[in-house]
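> Starting off with a structure, shown below.
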Amino acid sequence: MIYLDNSATTKPCKTAVEAINNALCENWGNPSSTYSHGISALEIIEDSRKTVANFIGAKPDEIFFTGSGTEANNLAIFGCVNALKKKGKKIVSTAIEHPSVLEALKKLKDDGYEIVLLSPNENGQIKEEDLRKEIDGNTILVSIMLVNNEIGSVEPIEMASKIIKEKNSPALLHCDAVQGFGKLPIKVSNLGVDLMSASGHKIHASKGIGFLYKKSGINIHPVIYGGGQEKGLRSGTEAAPLIAGLGAAVKALPDPNKQLTLQQEFYLKAKEILSEVKAIKFNSPDNALPYILNISIDGYKSEPMLNALALENIYVSKGSACAKGHRSYVLSEIGLSNDRIDSAIRISFSRENTLEEIETLKNAILKITEKMRRFKK
């Protein structure tokens, strides 16, 4: 199997699986219990909390575990709005956010909030002048993803932070870092974020675990109420096995600066290999995160191509796994034609992929397009 859909999910690494199994089979007590079996489960959670915090330059008490990146995004957005609703009614975001952000904002729009969705330029990046125009004294939240999940564009989070401060806006800055966490050398102080979401299954941990970074001193309201776990911000018995897996996966991550250099070299060579297919056009910008490569195969619809590649045991996607059956709004926003969008494929890498796999992908595309061409005749 050649797996090239790592932006949808990644294969759990060995150390994550071992940590999950240990917490499931050996240290399975309730972490809220005060006897030894519960305390050992709590220690696992706190060790993972420290690991995640250290990786992004945060303090352990700034990390709150959630059930997914989607939940972390919802907690950040609704938690912020509920805490700051007396200070304003305006929320600034982008038109290319993940559905877990856009759908939350749609609900807030129905509730009477002013939602501004900024359109990107042709490289998929939000423009400084648009941010300056829209962030004001009535803005209570700015929510911008770090890396777009379909084309890999890296957004100007630091710029947004700077503008909020310059305008003396009450807005909190939230960043959906699901596609950037573990791949970019993220330090929350450098980004200037108040809130940041991430997910485990994008970095070789399991599904069902994510976290929200909340800067010390920032007040947001919970959206789940109950026993007061996670310092009251996210009630519910903590999923200690999944949290253990997340911590182990973070510990297994290579140095992000060194790995980014290696990945950039791989990415450029992969593009060089695929450019041998004349029908391929590249949709990702030149400065995209080198883990996501969006292409269009001119004249060949995405769905039949995906199915044909799957028969060759090669797995890619049309785009976001959360947008089944819909034409990509991200590719539309950067100005691509419907024909180009309808032939788009997202190839997404992990540190485990090889150039030999890209050669195999290229040859499979050549074989499939030749067969489809003969069939059309």
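FYI, in my numbering the residues of the sequence shown are 90 to 466. Glycine residues also receive a C-beta, built at the ideal position from the N, C-alpha and C atoms. Here the structure is a predicted model, which is why all the values come from computation and not from measurement.
1. Please report the straight-line C-alpha distance between Asp283 and Leu444, rounded to a whole angstrom.
2. Could you say which of Ser125, Thr123 and Arg138 lies nearest to Thr155 if we only look at CA atoms?
3. Since Tyr380 and Lys272 should fall inside the 8 Å C-beta cutoff, what is the C-beta to C-beta distance between them, to a whole number of angstroms?
4. Decide yes or no for the touch test of the region 331 to 350 against the region 161 to 180: beta carbon pairs closer than 8 Å, at least 3 of them.
5. Specify, as a first and last residue, the run of the alpha helix (DSSP H) that Ala193 falls within.
6. Report the rounded CA-to-CA distance for Leu480 versus Glu401, giving the unit in angstroms.
7. Could you name the residues of the same chain whose beta carbon sits closer than 6 Å to that of Gly281, not counting the 5 residues immediately before and after it, in chain order?
8. So, does the region 220 to 236 touch the region 354 to 367, judging by three or more C-beta pairs under 8 Å?
9. With distances taken from CA atoms, which of Glu211, Thr98, Pro149 and Cys114 is nearest Pro330?
10. Based on the DSSP output, what are the partners of Ile204 in its beta bridges?
11. Taking C-beta to C-beta, are Gly430 and Ser437 nearer than 9 Å?
12. Have a look at Ser406, Met394 and Val141 and flag the residue whose alpha-carbon is nearest the alpha-carbon of Lys460.
13. For Ile134 and Phe144, what's the separation of their Cα atoms in angstroms?
14. Can you give the Cα-Cα distance for Pro343 and Asn238, rounded to whole angstroms?
15. Indicate whether Val181 and Leu207 have their beta-carbon atoms separated by less than 9 Å.
16. Taking buried to mean at least 16 other C-beta atoms within 10 Å of its own C-beta, is Leu351 buried or exposed?
17. Between the C-alpha atoms of Gln318 and Trp117, what's the straight-line distance to the nearest angstrom?
18. Mark Phe464 as exposed unless 16 or more other C-beta atoms lie within 10 angstroms of its C-beta, in which case mark it buried.
19. Going straight from the alpha carbon of Leu398 to that of Ala341, what length do you get?
20. Which residue wins for smallest C-alpha separation from Ser305, given the options Val205, Gly177, Gly146 and Ala97?
21. Pull up the distance between the alpha-carbon of Ser432 and that of Ala333, whole angstroms please.
22. Can you find at least 3 beta carbon pairs, one from the region 205 to 222 and one from the region 117 to 131, that sit closer than 8 Å?
23. Where does the unbroken alpha helix (DSSP H) through Met248 begin, and where does it stop?
24. For Ala193 and Pro245, what's the separation of their Cα atoms in angstroms?
25. Buried or exposed for Thr458, please, with buried defined as at least 16 other CB atoms from any protein chain shown within 10 angstroms of its CB.
26. Below 8 Å CB to CB, which residues in the same chain sit around Leu93 once its five sequence neighbours on both sides are set aside?
27. In the structure shown, what three-state DSSP assignment does Pro311 receive?
28. Distance cutoff 9 Å, beta carbons only. Does Phe300 sit that close to anything in chain C?
29. Taking only runs that begin and end inside the region 111 to 148, name each unbroken beta strand (DSSP E) of 3 or more residues, in chain order.
30. Does the Cβ-Cβ distance between Gly39 and Gly241 come in under 9 Å?
31. Near Lys176, which residues of its chain fall below 6 Å by C-beta distance, leaving aside the five closest residues on each side in sequence?
32. Leaving aside the five residues before and after Ile369 along the sequence, list all residues of the same chain whose C-beta is less than 8 Å from its C-beta, in chain order.
33. Pull the bridge partners of His263 from the DSSP assignment, please.
34. Here's the rule: buried if 16 or more other CB atoms are within 10 angstroms of the residue's CB, otherwise exposed. What is Gln353?
35. From Thr183 to Asn396, what does the alpha carbon distance come to, in whole angstroms?
36. Based on Cα-Cα distance, which residue from Ala294, Asp225, Leu235 and Val243 lies nearest to Glu255?
Concretely, from the data shown:
1. 39 Å
2. Arg138
3. 5 Å
4. no
5. Pro188 to Asp199
6. Any answer about residue 480 is impossible in this case: the structure gives the chain only from 90 up to 466.
7. Glu247 and Ser250
8. no
9. Cys114
10. Ile180
11. Correcting the residue type first, residue 430 is Ile in the shown sequence and not Gly. No.
12. Met394
13. 16 Å
14. 21 Å
15. yes
16. exposed
17. 17 Å
18. exposed
19. 31 Å
20. Gly146
21. 40 Å
22. no
23. Ile246 to Glu255
24. 22 Å
25. buried
26. Ile403, Tyr404, Val405, Ile436, Ser437, Phe438, Asn442, Glu446 and Leu450
27. coil
28. The displayed structure is made up of one protein chain only, and chain C is not part of it.
29. none
30. Outside the displayed span of the chain (90 to 466) sits residue 39, for which this structure offers no information.
31. Ile229 and Pro259
32. Leu363, Ile384, Ser385, Ile386, Asp387 and Ile454
33. Ser232 and Leu284
34. exposed
35. 32 Å
36. Asp225
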